[in-house]
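S.K.: Chains as they are written, first to last, in the numbering used here: chain A, 1 to 422; chain B, 1001 to 1422.
Quick one: this structure, given as structure tokens, is what I'll be asking you about.
2 protein chains.
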Amino acid sequence: MTIMEQARRGTSLLVQEVAQKEGVDPEQVRRGVASGTIVIPCNPIHDPEPCGIGAGLSVKVNVNIGTSRDMPHIEKEMKKVEVALRYDADAIMDLSTGGDIDAIRRAVIAASPVPVGTVPIYQTGLTAARKGALVDMDEDDMFNGIEVHAKDGVDFMTVHCGITQESVAWLKRAERLMDVVSRGGSFLTAWILHNDKENPLYKNFDYLLEMAREYEFTLSLGDGFRPGCTHDATDAAQVAELVTLGHLVTRCREAGVQAMVEGPGHVPMDQVETNVRLAKRLCHDAPFYVLGPLVTDIGPGYDHIVGAIGGAMAAYHGADFLCYLTPAEHLSLPTVDDVKEGLIASKLAAHAADRARGRGDERDRLMSTARKDLDWERMFELAVDPDKAREFRARGITAEEEGCSMCGDVCAIKILKEHLKR
Amino acid sequence: MTIMEQARRGTSLLVQEVAQKEGVDPEQVRRGVASGTIVIPCNPIHDPEPCGIGAGLSVKVNVNIGTSRDMPHIEKEMKKVEVALRYDADAIMDLSTGGDIDAIRRAVIAASPVPVGTVPIYQTGLTAARKGALVDMDEDDMFNGIEVHAKDGVDFMTVHCGITQESVAWLKRAERLMDVVSRGGSFLTAWILHNDKENPLYKNFDYLLEMAREYEFTLSLGDGFRPGCTHDATDAAQVAELVTLGHLVTRCREAGVQAMVEGPGHVPMDQVETNVRLAKRLCHDAPFYVLGPLVTDIGPGYDHIVGAIGGAMAAYHGADFLCYLTPAEHLSLPTVDDVKEGLIASKLAAHAADRARGRGDERDRLMSTARKDLDWERMFELAVDPDKAREFRARGITAEEEGCSMCGDVCAIKILKEHLKR
């Protein structure tokens, strides 16, 4: 029985653990998992700490790590895992495309108590490309690649099943500035165009479902045609793919397989809510996993901030899972420090949305009380990054312990304490 | 005749220059200035480049600089002015409270081609406090302080005229976690409570208007009771003050004096739109100038990001002017680098809102085209921070000129170029 099927029968330890972590009724979680509005990505080979993603739960944040051809070293990636865990990443995706990809993935899974995701088509495509041509990969290569990842314990996998001959036709018609910016999306588009055949991951979706059942991994239905610039947002190519993904969600549920849906991308602020509502509607309230969205294109070096704006808005309007963006996005593979900066930006966005949706403001209240009391140690403890907060305060030399170097002797809090006797 | 009165008579050079910069019809700007929905802060003694703030214009960003008791050095503040101008600040406020405050203000005005704002009550209060007690400042001290700033050429001044005996009574009744966090607000609250008298800036508002007419400075009606934590947002104290500010806006317009209204502060995401709409309604569509808003309290060290989320949302819903926040907020006086980081975050928020409101996506389109063409020099030119973008790309060693170290040999753009012949 799959996790979803178990939930349809009754409660389970997994469901109870998620409910406890979230502070919600286990029955609510059970129903969510049973119907597919909540997923708990959990491959028993890996057996991570249970992490619920979806309706009524707190917003989760994923950290992408992974090597590239130009930066293939495993050591750096393992440091990124460390920093991701330290700053409370809810999931980690290993997107390695350089060095010993199998070894890195296995090391990440071994080191990570949180769910691990991958995009198997990267490795499949790369192997084919390095042997001859990307477009020479065949159906077996694709499914075998997925099976290898599943056997290693990968908890969720991005599969670009919505890229079909039909959606590629929409892409051709679309007046896009950027065509395709998803790596996996570009692989499958190239494959379809070159081979003039249907996407095997779509054509043989039932086989994929069998595999997902057997190994218990969650499908993350990838948005290969996600807009790569704000100009291309919410166009025919994107929405045609989303329509297909909605249909595939239904097939996942029929098969008892957990599924979430991936979303854009680059989206101007006025289209963020629409994107979330459309995805939720077309995909039957499946958990929605967004990359950003980036609300402008002009921020390279600061895309973690641009993504935090879009991510907070998306989560406020119903997105369940935010993929972080780092300051290095569009420019280079992130460093360990970029991973930290990107993760904290996304965690703040997720928290702001949770707070606005009534999913908990306790930490905000505690911080505010500590501020009122000018209790700096407590403020540091409650901050998303105690070290940075401590360092920033320390660099301003203050003449007394209480205030800070911003206001010095004109601290509003101290003045009010003296004059507003409560 | 004041700028507002001139606009009521007909067009002016100031109006035309603003219209040209914004790419809008001069008649639209003239009407906005005449009715008070647009301000052009411009003290003729300073005579800055015309900067229009308000209805139908692009969102502007202000940078706060200024010394404190603990960091009183003018040199550092002048470097902040430099960096603010380099990264396109639309206005600069000098909030100095340490060192030779007069000399710093004059140096900032001399160095700044953009409008300069101040909060005169800081200096007045400090002078009184250093002589004996803050609450000993008298009416003459307050108005004389304002006049000194006006004579130096200050273009806009924050005046906390909405803190009245009545609003202080609301503050006392409010169940706030943080009471008052505005420095000027705390000065006047303490003054009212200690002296048991009405706020002179409210009682003698007509005298303030006379002064504003004489020297042509714009009033920025301060929100002394802005919430200092998300828990306190949109409460009776805040709204009672806003009601008063709305009345004062009317009196400004009757007197031909330009006025904008300041807003919060700390506001959870679900209350941002309400705050903007309420301020616009109660204040008769006066330009709305927000500090942040910060959508969570737990981000010290990252409040420029938290403020960018709130600022983008506020601007999208109609705020006209964003006061930046730096990573040092709540911790220390910002460094030069903090100023840069804070300004860029706010500029991105402002741009994202402009782009979503149809006020220009040309730069986004150009960036997207440069990306499609893998034209890195052009991308750097179009980025908010060309130096950082260049540096980030350079640190990833790539085996060829075209792609970047993120994807290496699996660049979606290159793959599509090969396979999707258009």
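We put the CB at the ideal spot given by N, CA and C, even for glycine.
Between residue 268 of chain A and chain B, is any beta-carbon pair separated by less than 8 Å?
M.R.: Taking Cβ atoms only, chain B reaches closer than 8 Å to residue 268 of chain A, which makes this a yes.
S.K.: Within this structure, are the beta carbons of residue 1162 of chain B and residue 1224 of chain B separated by less than 8 Å?
M.R.: Result yes, Cβ atoms of residue 1162 of chain B and residue 1224 of chain B sit closer than 8 Å.
S.K.: Between the alpha carbons of residue 23 of chain A and residue 1268 of chain B, how many angstroms are there, rounded?
M.R.: Cα to Cα, the separation comes out at about 21 Å.
S.K.: Could you tell me the distance, in whole angstroms, from the CA atom of residue 213 of chain A to the CA atom of residue 1370 of chain B?
M.R.: Between residue 213 of chain A and residue 1370 of chain B, the C-alpha separation is close to 44 Å.
S.K.: Rounded to the nearest angstrom, what separates residue 1261 of chain B and residue 1244 of chain B at their Cα positions?
M.R.: Answer to the nearest angstrom: the Cα atoms are 11 Å apart.
S.K.: Short of 9 Å Cβ to Cβ, which residues in the segment 397-418 of chain A face chain B?
M.R.: Cβ contacts with chain B come from 397, 398, 399, 403, 404, 405, 406, 407, 408, 409, 410, 411, 412, 413, 414, 415, 416, 417, 418.
S.K.: Which residues in the same chain as residue 1187 of chain B place their Cβ atom closer than 7 Å to its Cβ, once the five residues preceding and following it in sequence are excluded?
M.R.: Counting only Cβ-Cβ distances below 7 Å, and skipping sequence neighbours, we find 1121, 1125, 1134.
S.K.: Are the CB atoms of residue 322 of chain A and residue 304 of chain A within a distance shorter than 8 Å?
M.R.: In this structure, residue 322 of chain A does not lie closer than 8 Å to residue 304 of chain A by Cβ.
S.K.: Under a three-way DSSP split, which group does residue 1266 of chain B fall into?
M.R.: In this structure, residue 1266 of chain B counts as strand in the three-state DSSP scheme.
S.K.: So, is the C-beta of residue 118 of chain A closer than 8 Å to a C-beta in chain B?
M.R.: No - not a single Cβ of chain B is within 8 Å of the one on residue 118 of chain A.
S.K.: Against chain B, with Cβ distances strictly below 8 Å, would residue 333 of chain A count as a contact?
M.R.: So yes, residue 333 of chain A belongs to the interface.
S.K.: What do you get for residue 1137 of chain B, buried or exposed, if any count of 16 or more other CB atoms within 10 angstroms of its CB means buried?
M.R.: It counts as buried.
S.K.: Along the chain, where does the alpha helix (DSSP H) containing residue 202 of chain A start, and where does it finish?
M.R.: From DSSP, the alpha helix (DSSP H) with residue 202 of chain A extends over 200-203.
S.K.: Can the beta-carbon of residue 1183 of chain B be found less than 8 Å from the beta-carbon of residue 51 of chain A?
M.R.: Not closer than 8 Å, so no.
S.K.: Any residues in the segment 358-369 of chain A with a beta carbon nearer than 8 Å to a beta carbon of chain B? Which ones, in chain order?
M.R.: The residues in question are 361, 363, 364, 365, 367, 368, 369.
S.K.: Against chain B, which members of the segment 161-184 of chain A pass a CB distance test of less than 8 Å?
M.R.: For the segment 161-184 of chain A, which is checked against every Cβ of chain B, the residues closer than 8 Å are 171, 172, 177, 178, 179, 180, 181, 182, 183.
S.K.: Going along the chain, which unbroken runs of the beta strand (DSSP E) with 3 or more residues stay wholly within the segment 1142-1205 of chain B?
M.R.: For the segment 1142-1205 of chain B, whole beta strand (DSSP E) runs of length 3 or above, ordered along the chain, are 1156-1159.
S.K.: List the residues of chain B that residue 124 of chain A touches, going by C-beta distances under 7 Å, in chain order.
M.R.: Per Cβ cutoff of 7 Å: no residues; residue 124 of chain A is ~11 Å from chain B at best.
S.K.: So, does the CB of residue 87 of chain A fall closer than 8 Å to a CB anywhere in chain B?
M.R.: So no, residue 87 of chain A is outside the interface.
S.K.: The beta strand (DSSP E) spanning residue 1002 of chain B covers which residue range?
M.R.: Run containing residue 1002 of chain B: none; DSSP gives neither H nor E here.
S.K.: Name the chain A residues whose beta carbon is nearer than 8 Å to that of residue 1308 of chain B?
M.R.: By Cβ distance, chain A contributes 305, 308, 309.
S.K.: Among the candidates A:312, A:420, A:67, whose CA atom is the shortest distance from the CA of residue 102 of chain A?
M.R.: If we check each option's Cα against that of residue 102 of chain A, A:67 comes out closest.
S.K.: Going by the DSSP bridge assignment, what does residue 1039 of chain B pair with across the sheet?
M.R.: B:1053, per the DSSP bridge assignment.
S.K.: Residues of chain A with a CB under 7 Å from the CB of residue 1230 of chain B: which are they?
M.R.: By Cβ distance, chain A contributes 355, 361, 364.
S.K.: Runs of 3 residues minimum, wholly inside the segment 204-235 of chain A: which ones carry the beta strand (DSSP E) assignment?
M.R.: Whole beta strand (DSSP E) segments, 3+ residues: 218-221.
S.K.: Please give me, in chain order, every unbroken run of the beta strand (DSSP E) with length at least 3 that falls completely inside the segment 1050-1127 of chain B.
M.R.: Segments of the beta strand (DSSP E) lying fully in the segment 1050-1127 of chain B: 1060-1065, 1091-1094, 1116-1118.
S.K.: Start and end of the beta strand (DSSP E) containing residue 1291 of chain B?
M.R.: Looking at the DSSP string, the run of the beta strand (DSSP E) that includes residue 1291 of chain B is 1288-1291.
S.K.: At 8 Å on the CB atoms, spell out the chain A contacts of residue 1098 of chain B, in chain order.
M.R.: In chain order: 408.
S.K.: Using a Cβ-Cβ cutoff of less than 7 Å, which residues in the same chain neighbour residue 1165 of chain B once the five nearest sequence positions on both sides are dropped?
M.R.: Cβ neighbours of residue 1165 of chain B beyond the five flanking positions: 1192, 1198.
S.K.: Residues of the segment 282-301 of chain A in Cβ contact with chain B at a cutoff of 7 Å, in chain order, please.
M.R.: Hits within the stretch, in order: 295, 296, 297, 298, 299, 300, 301.
S.K.: Can you pull out the residues from the segment 1048-1078 of chain B whose beta carbon lies closer than 7 Å to at least one beta carbon of chain A?
M.R.: Going along the segment 1048-1078 of chain B in chain order, one finds 1068, 1069, 1070, 1071 with a Cβ nearer than 7 Å to chain A.
S.K.: Within the same chain, show all residues whose beta-carbon is closer than 7 Å to that of residue 79 of chain A, passing over the 5 residues directly before and after it, in chain order.
M.R.: Around residue 79 of chain A: 336.
S.K.: In the DSSP assignment, what are the bridge partners of residue 1432 of chain B?
M.R.: Beyond the ends of chain B as shown, which are 1001 and 1422, falls residue 1432 of chain B; an answer cannot be given.
S.K.: Identify, in the order they occur along the chain, each residue of the same chain with its Cβ nearer than 7 Å to the Cβ of residue 354 of chain A, setting aside the five sequence neighbours on each side.
M.R.: For residue 354 of chain A, where only same-chain residues beyond five positions count, the Cβ hits under 7 Å are 58, 59, 360.
S.K.: Measure from the alpha carbon of residue 1049 of chain B to the alpha carbon of each residue in B:1274, B:1115, B:1383, B:1298, then state which is nearest.
M.R.: Per the Cα distances, B:1115.
S.K.: What in chain A is Cβ-close to residue 1187 of chain B, meaning under 9 Å?
M.R.: Correct list: 410, 412, 415.
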